[in-house]
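Set out below in structure tokens:
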């Protein structure tokens, strides 16, 4: 087994286990403070005007009506149009849209290579086009074009706008420069080593079948190493918003579950009220010994 193949396994394992660990950490975090922001996507029949089931007379006596379709529609709108970026930071919207569409296409190309490799191993010839060829060549060129242009424009925006530059962290620039390097290395491989992704398809097939072959071109290796290192690093960066949004939306932004006596939600909230408070702000005055329940009672909010 070649060094490149071993590195590929290790970096891919780092990405998978790192992502699972991060998702588990999010899942195990305590209940978040209620945001009370409306509309809530799963509210049935009241989203258009930002309503809530809480406005109903004697709401606690009535069954809740929720809409999974509403949640799916909101998520898809954000994924495909970046609605939040367009509304809150319009100067970054077009570069971000190009950048994300480039990432989407390259991610789907990677998935396609895995599916094509599995199809070849299990004898499904109808998916042979996923093992390399003109379709993947055009697909890759479009994805790389969008990703490269979007990434470069985002860097120009962050470097050229003083306010945005001062608000950006070193990690923001690191991610963009790193991804730009990945895109440029991928262009090098596409232009001079693997334009139709036959080398990539063979490499992926070798990984899937646990019989990787050596002897891949240098430019392909450079692309693979840069991409693999980024994937292994990604779970430990703030770019985990790709799956963290599920938790921040469902468990924070859209959390409007009723807090009723005798139900599990109430029990979870009461346990959290017994935790000590070290927040020393004047309106809290935590000393590390008194609990949140003490704070609430001191403020007369019980």
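Residue numbers (the numbering used here): 379 to 680. By construction, the Cβ of each residue, glycine as well, lies at the ideal position given by its N, Cα and C atoms. Here the structure is a predicted model, which is why all the values come from computation and not from measurement.
Considering only 408, 384 and 392, the residue with the shortest C-alpha distance to residue 630 is 408. Per the coordinates, the alpha-carbon of residue 387 lies some 8 Å from the alpha-carbon of residue 585. Between the segment 519-532 and the segment 578-594 there are fewer than three C-beta pairs closer than 8 Å, too few to call the two in contact.
Using a Cβ distance threshold of 7 Å, residue 575 and residue 514 count as a contacting pair. An exposed status is given to residue 675, since fewer than 16 other beta-carbon atoms sit within 10 Å of its beta-carbon. In the structure shown, residue 414 falls within a coil segment according to DSSP collapsed to helix, strand and coil. Contact between residue 517 and residue 483 is confirmed by a C-beta separation of about 7 Å, below the 8 Å threshold. A direct Cα-to-Cα measurement between residue 646 and residue 652 gives close to 10 Å.
Here the segment 434-453 makes no contact with the segment 491-508; the two share fewer than three CB pairs at distances below 8 Å.
For residue 403, the enclosing alpha helix (DSSP H) starts and ends at 381-406. Between residue 416 and residue 625, the C-beta gap is not smaller than 7 Å, which leaves the two residues out of contact. The continuous alpha helix (DSSP H) containing residue 676 extends over residues 670-676. Non-local C-beta neighbours of residue 528 in its own chain, meaning closer than 6 Å and more than five positions away in sequence, comprise 473, 476, 477 and 480, ordered along the chain. For residue 469, the enclosing alpha helix (DSSP H) begins and ends at 468-499.
Annotated three-state conformation of residue 444 is strand, per DSSP. Rounded to whole angstroms, the Cβ separation of residue 567 and residue 597 is 4 Å, and the two are in contact under 8 Å.
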